[in-house]
DNA sequence: AACTACTCCTGGAGGC
DNA sequence: TGCCTCCAGGAGTAGT
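Residue numbers (this note's numbering): 1 to 293.
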């Protein structure tokens with residue numbers, strides 16, 4: 001569930017409290033959650049100071065002293081909480097367990113003890129999250145291997161770039177296109193639906209069927225939806241449903257509820273095995289549905 | 001090369 | 001209450 005806005009707001013929060021802290025002890029109780037292509041081991045982060053906290057796509061990069069970095073991907077259900085005793089200093093990611101729940105939770109699988117007595121907890125009810133230790137000068141290589149696309153807030157994400165990618169994958173459903181991290185990074189299931197709702201484009205529209213105006217609209221919607229989430233609060237959907245009475249998110253999690261724009265009942269369909277919510281009135285169906293993979 | 005299906009994992013929800 | 005089944009979703013990988 002943590003998508004770009006969740007990871008970015010978490011990064012900003014942790015930057016306030018973690019920079020300059022030294023890691024005394026590190027522990028991951030689920031060995032599968034450590035990916036260690038360089039054979040450095042998790043303990044190699046001990047004794048190092050957190051100097052910088054970056055984000056690339058949906059990943060957090062902790063740059064430590066001595067040229068070592070730790071990359072954290074929260075995947076579907078990862079959560080980080082920086083606490084001193086019971087006091088929450090900073091937190092973010094998947095909202096289950098609740099951010100004010102006592103830690104460690106039974107799904108807490110990682111802990112980093114810091115030099116001021118605070119602890120950075122990694123909790124993940126799905127255990128899909130991953131931690132990688134990598135020399136700082138090889139972080140870019142590691143990212144390059146993943147064939148990540150452009151950052152939506154970066155200078156490379158232009159209307160022309162989007163148009164070019166859409167042409168290249170012209171048969172793909174828009175929803176599938178937006179989830180593909182090799183084009184634009186950062187969108188997940190929630191914000192892909194939000195961007196399509198905002199752009200008034202049906203999730204099954206073939207990527208190659210968009211007019212120039214629609215491409216420009218989609219481009220702006222992607223940026224606006226992500227920026228809105230960062231500035232006004234992330235989606236925070238615990239079980240893929242909006243909280244009763246909430247007016248956000250505007251499409252995802254609202255199946256069977258009235259569209260906030262026109263009142264039409266929001267529909268839920270599967271697009272490439274991902275639940276996809278949209279307004280059949282605001283987002284008119286394509287004449288001929290594409291493949292959905 | 002481009003696309004699709006499958007896999008990892010477990011807690012919560014809903015049915016009976 | 002308790003058992004059972006289904007569902008959620010990022011991304012790596014294997015197969016078409």
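Glycine included, every Cβ here is placed at the ideal spot set by N, Cα and C.
The closest CA to that of residue 267, considering only 273, 274, 260 and 279, is found on 279.
In this model, residue 203 and residue 196 are separated by some 7 Å (Cα to Cα).
If you draw a straight line from the Cα of residue 77 to the Cα of residue 261, it is about 30 Å long.
The three-state secondary structure of residue 156, taken from DSSP, is coil.
Taking each of 137, 25 and 186 in turn and checking the Cα distance to residue 73, the smallest one comes out for 186. Residue 164 carries a helical assignment under DSSP once its states are collapsed to helix, strand and coil. Judged by their CB atoms, residue 207 and residue 170 are nearer to each other than the 9 Å cut-off. Three or more beta-carbon pairs separated by less than 8 Å link the segment 33-45 to the segment 125-138, which places the two stretches in contact. The distance from the Cβ of residue 109 to that of residue 175 is about 32 Å, inconsistent with a contact at the 8 Å cut-off.
DSSP lists 278 as the beta-bridge partner residues of residue 267.
The Cβ atoms of residue 114 and residue 22 lie closer than 9 Å to each other. Apart from sequence neighbours up to five positions away, the residues of its chain that approach residue 205 with a beta-carbon distance below 6 Å are 174 and 286, ordered along the chain. Residue environment: residue 37 is assigned as exposed (fewer than 16 neighbouring CB atoms within 10 Å of its CB, all protein chains considered). Around the Cβ of residue 249, a 10 Å sphere holds 16 or more other Cβ atoms; the residue is buried. The criterion of a C-beta distance shorter than 9 Å is not satisfied by residue 126 and residue 58.
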